[in-house]
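Worksheet: the structure to be examined is printed underneath.
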Amino acid sequence: MRVSALLAAASIATVTSARIAHAECPPGVIAQPEVCNCIDDDCDGVIDNDAPDLCPPHAGYPQRCLTHDGSICQCSLECGLFGGQFPCGVSGVCYGDLTVSGTGEHVVSSHCFGVCPGCASAAVAGVCDSQGGPLPQCVCKTGDAYEPAKCDAPCTNIECPGGGVCTNFGANAGRCVADNCFNVPCAPGKACNDGACVDNPCKPGSCPAGEVCKPSADFSSFACEPSCADAKCAAPMVCSHGVCVEPGCVQPCPDNQVCGGADGGCVDSQCAPQGCPDGAYCDPLTGTCGNWPCEGVQCPAGQVCEAGECQLKAHCPPGVIAQPEVCNCVDDDCDGLVDEQADVDAGEAPLCWPDAVCVFYLGVCECAEHCCKGELTCPSGRVIRDDVVISGTDPPVPVKDNCVFPADTECCDCAGTLLQDRCAPEGTVSSDTSRPPQCVCWTGGCQPPCAHVDCPNGGVCTDYGPNRRRCVQNDCFNLPCPVGQACDHDQCVANACQPASCPASEACRPSADFKTFTCETPCAEVECAPGLVCRHGECSAPACPDDCGAGFVCDDAQGTCVPDGCLAVSCSDGAYCDPLTGTCGNWPCEGVLCPASEVCSAGECVRAREHDGGCQTDAPQDSFTVDAPVDASSDEPGFVPTEFQHPPTAAPSVAGCGCHSSGSGAMNWALALAGLIAARRRRRRDRACSEYNPDRHTMPAAQVRCGSAVRLRRRVTVNQSEGLGTRRP
13 MRVSALLAAA SIATVTSARI AHAECPPGVI AQPEVCNCID DDCDGVIDND APDLCPPHAG
73 YPQRCLTHDG SICQCSLECG LFGGQFPCGV SGVCYGDLTV SGTGEHVVSS HCFGVCPGCA
133 SAAVAGVCDS QGGPLPQCVC KTGDAYEPAK CDAPCTNIEC PGGGVCTNFG ANAGRCVADN
193 CFNVPCAPGK ACNDGACVDN PCKPGSCPAG EVCKPSADFS SFACEPSCAD AKCAAPMVCS
253 HGVCVEPGCV QPCPDNQVCG GADGGCVDSQ CAPQGCPDGA YCDPLTGTCG NWPCEGVQCP
313 AGQVCEAGEC QLKAHCPPGV IAQPEVCNCV DDDCDGLVDE QADVDAGEAP LCWPDAVCVF
373 YLGVCECAEH CCKGELTCPS GRVIRDDVVI SGTDPPVPVK DNCVFPADTE CCDCAGTLLQ
433 DRCAPEGTVS SDTSRPPQCV CWTGGCQPPC AHVDCPNGGV CTDYGPNRRR CVQNDCFNLP
493 CPVGQACDHD QCVANACQPA SCPASEACRP SADFKTFTCE TPCAEVECAP GLVCRHGECS
553 APACPDDCGA GFVCDDAQGT CVPDGCLAVS CSDGAYCDPL TGTCGNWPCE GVLCPASEVC
613 SAGECVRARE HDGGCQTDAP QDSFTVDAPV DASSDEPGFV PTEFQHPPTA APSVAGCGCH
673 SSGSGAMNWA LALAGLIAAR RRRRRDRACS EYNPDRHTMP AAQVRCGSAV RLRRRVTVNQ
733 SEGLGTRRP
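FYI, the numbering for the sequence shown is 13 to 741, going by our numbering.
Structure representation (structure tokens):
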């Protein structure tokens, strides 16, 4: 934001002074006169609400405070007021999809809007970078419509007429805050003690490699201790100071309560909703303000401090090993971002070659170059497509006129493709009794999921399951056993259940040691009366009369709800976590053989959904149909994360590839990259790779390709009211 805009806003401070005096600001933030910046500067609960005074006229022409997506706001002029080839001056973009900041009112006419794509992954020497730390993370800073936007530090050109200083770091980056180290970080080697910077006794090398350095309360000494990142605590144990201890409370505390009662129960938090006014940490048990729990803590490489304990920086799905990010629709480095730009200054390899961007097109992610850079045709093997989005953006950011590999009908039908023993239709058994994976559509045609995948950080790529096409630990929790075997605590053993063990209409269930088996009626053939559930082919009343709710599971033996033992446990090798005990072991469906057209889910054989018409999916389905008994526990389908399951689109146009003044070409490319600033996927704790069924054999529905719909339907049941259960015809 330009200084002139700030001064103009300051001139109306008398209008807003009463509101500022009674403002409810976030902890540490000091209320300021409102300016056009997508922020509630005066803390009155409304963003940019002093329009039209926020934007003074430019050269006699009126401006409005506008935004594209709520992340960048700018005082903007209507396009073409001065005529000429470049109607928006050096900013170069005439935007037609803008709204008034703070109100959401759609603006009909096109306005000039400054763009600076890729700031989240950019680096400006000595000013900002993509990772934060000694330098702040770059943001897009805009002037007016005739002043170019650029990647810069959050506080550039920000003044604080209402008091305080602007901070470049933390949740309040770019805002005016109280001038203390709770809000403005100390220099390296220092720590924040009661708002003032002091020497930090924890230095690089203070503790042995792999251990945590924690300073004393007065920062006069330090202690070394194990890291909680290395602790494997079984429920209900929790990690504290690197060791597993009994939790203070046996049940999770509700909102606004914390664990700390004299009897080991939950008590009300003593902190005010707005926290400490100077940005300090509020102790919920005492309500006192002081140092943050992680202040001065030095974690081993690859770990970060959270709530006073060091944890792994990368949060991978169970069994997955973090790898360098590549353009493949996957969060390879487990940082919560998909296909984000590389930090080249830190030694990371670029995601794509220069002038190319990682895009998503019909289920495939690839590096694609905009064809409008003077080459009006695409390289051999690629075609021009418009229905392309930048990978990893939410909502999807479309780009125009890109050269991508075509998704032709042959590649579309990968589910039925047989590529020798490398990949084959679901249920195929090769001559060496292995199960080839199902082919997927990738750049260059139908290929095995792990084609061209390397694992430089260790592990092996798996072609199967929810982590398909990812680098995982080399055990049978992640890689299926050969036909006739089952995975018993990460080792393949002979499975007592074989295709001929039970009648064709019955399910085969192995014993816990896989040495014996029993035949039973599959739950797919049983219809239970309302209120009853099917277990092992029989209908019975549920052990717990009511839904246990979040954080609890039903203990069938006791008939009561108990805390979920897996809330604080992650089976790092890909094993199943038993919610009753919090221990890791075999999956409930391991070794179970179901009749034809049925699959195992949560330990029971259920009817597979059928696919009716249309083109096959290149990604696995949420269930599958086979023509013979299937070891569903080992032959698992994988899935495409939900955020990449874009809806089918109309057949794309391939006519032309030039730079146009509206609707396509370079301008759309610039606009798409502008949207990328805000659309780059944020860190997600609830990312899609954790959304599959707790039993790993039921996965979300896959992306439908080639514009053809795949209709999922269930069989209609009959005799629903006859006794406890009936068989389906």
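Beta carbons: idealized from backbone N, C-alpha and C, even for Gly.
This structure is a prediction, so every number in the text was calculated from the model and none was measured.
Tell me the residue span of the beta strand (DSSP E) that contains residue 500. Taken as a continuous stretch (DSSP letters only), the beta strand (DSSP E) holding residue 500 covers 497-500.
How far does the beta strand (DSSP E) with residue 484 in it reach, from first residue to last? 482-484 is the span of the beta strand (DSSP E), which, as asked, contains residue 484.
Counting beta carbon pairs with one atom in the region 167-182 and one in the region 215-225, are three or more of them shorter than 8 Å? Too few Cβ pairs lie closer than 8 Å, so no.
Indicate whether residue 489 and residue 508 have their beta-carbon atoms separated by less than 8 Å. No, the pair does not count as a contact, with Cβ atoms beyond the cut-off.
Spatial distance of residue 53 from residue 109 (CA atoms): Cα-Cα distance, rounded: 25 Å.
Between the C-alpha atoms of residue 620 and residue 342, what's the straight-line distance to the nearest angstrom? It is roughly 27 Å from the alpha-carbon of residue 620 to the alpha-carbon of residue 342.
Going by the DSSP bridge assignment, what does residue 302 pair with across the sheet? As a beta-bridge residue in DSSP terms, residue 302 pairs with 293.
Do the CB positions of residue 150 and residue 135 come within less than 8 Å of each other? For residue 150 and residue 135, yes; Cβs fall inside 8 Å.
To the nearest angstrom, how far is it from the Cα of residue 637 to the Cα of residue 592? Confidence in residue 637 is poor, its pLDDT being 25 and thus under 50, which makes the residue's placement unreliable; the coordinate value appears in the next sentence. Going by the C-alpha atoms only, they are around 32 Å apart.
Reducing DSSP to helix, strand and coil, say where residue 141 ends up. Here residue 141 sits in strand by DSSP.
Alpha carbon to alpha carbon, what distance is there between residue 178 and residue 165? Here the alpha carbons of residue 178 and residue 165 stand approximately 11 Å from one another.
Within its chain, find whatever has a CB closer than 6 Å to the CB of residue 472; leave out the 5 residues flanking it on each side and keep chain order. Annotation for residue 472: 486 place their beta carbon closer than 6 Å to its own, counting only its chain and skipping 5 residues before and after.
Taking all protein chains shown into account, decide if residue 503 is buried (16 or more other Cβ within 10 angstroms of its Cβ) or exposed. With fewer than 16 other Cβ atoms within 10 Å, it is exposed.
Under a three-way DSSP split, which group does residue 72 fall into? Coil.
Using DSSP bridges, identify the partner residues of residue 310. Residue pairing by DSSP places residue 310 opposite 225 in a beta bridge.
The beta strand (DSSP E) spanning residue 281 covers which residue range? First-last for residue 281: undefined, no H or E at that position.
In terms of residue numbering, what span does the beta strand (DSSP E) encompassing residue 547 cover? Start and end: 545-547.
Straight-line Cα distance separating residue 374 from residue 542: Going from the Cα of residue 542 to the Cα of residue 374 covers about 41 Å.
Looking at residue 596 and residue 604, is the spacing between their C-beta atoms short of 8 Å? Going by C-beta atoms, residue 604 is not nearer than 8 Å to residue 596.
Apart from the five residues just before and just after residue 59, which ones in its own chain have a Cβ nearer than 7 Å to its Cβ? Once the five neighbours on either side are set aside, the close Cβ partners of residue 59 are 50, 51, 52, 113, 114.
Check for me: the beta strand (DSSP E) holding residue 489 runs from which residue to which? For residue 489, no beta strand (DSSP E) segment is defined, and its DSSP state is neither H nor E.
Specify, as a first and last residue, the run of the beta strand (DSSP E) that residue 434 falls within. No beta strand (DSSP E) contains residue 434, which DSSP labels as neither H nor E.
Whether residue 314 touches residue 325 by CB criterion (8 Å): Yes; because the gap between Cβ atoms is below 8 Å, this pair is in contact.
Report the three-state DSSP secondary structure of residue 241 (helix, strand or coil). The three-state reading of DSSP puts residue 241 in helix, counting H, G and I together.
Opening and closing residue of the beta strand (DSSP E) in which residue 153 lies: It spans 151-153 - the beta strand (DSSP E) in which residue 153 sits, taken as one unbroken run.
Quick check on DSSP: helix, strand or coil for residue 328? Here residue 328 sits in coil by DSSP.
For residue 339 versus residue 370, is the C-beta spacing smaller than 8 Å? Yes. Within cutoff.
Would you mind reading off the limits of the beta strand (DSSP E) that contains residue 340? Element bounds for residue 340: n/a, residue is neither H nor E.
Between the alpha carbons of residue 501 and residue 241, how many angstroms are there, rounded? Approximately 23 Å between the Cα atoms of the pair.
Can you tell me which of the three DSSP states residue 55 falls into? Three-state DSSP puts residue 55 in coil, outside helix and strand.
Enumerate in chain order the residues of its own chain whose CB-to-CB distance from residue 296 is below 7 Å, with the five nearest sequence positions on each side excluded. Its chain contains 270, 281, 282, 283 as the residues whose beta carbon lies nearer than 7 Å to that of residue 296, once the 5 sequence neighbours on both sides are disregarded; these appear in chain order.
What did DSSP end up calling residue 536 once you bin it into helix, strand or coil? Residue 536: helix per DSSP, three-state reduction.
Could you compute how far the alpha carbon of residue 560 sits from the alpha carbon of residue 531? Each residue's Cα considered, the two are about 31 Å apart.
So, with DSSP's three-state summary, where would you put residue 541? Coil.
Inter-residue Cα distance where the pair is residue 331 and residue 230: Between residue 331 and residue 230, the C-alpha separation is close to 41 Å.
Assuming the contact rule is C-beta atoms closer than 8 Å, residue 556 and residue 566 should be a hit. Round their C-beta distance to whole Å, please. Confirmed, Cβ separation roughly 4 Å.
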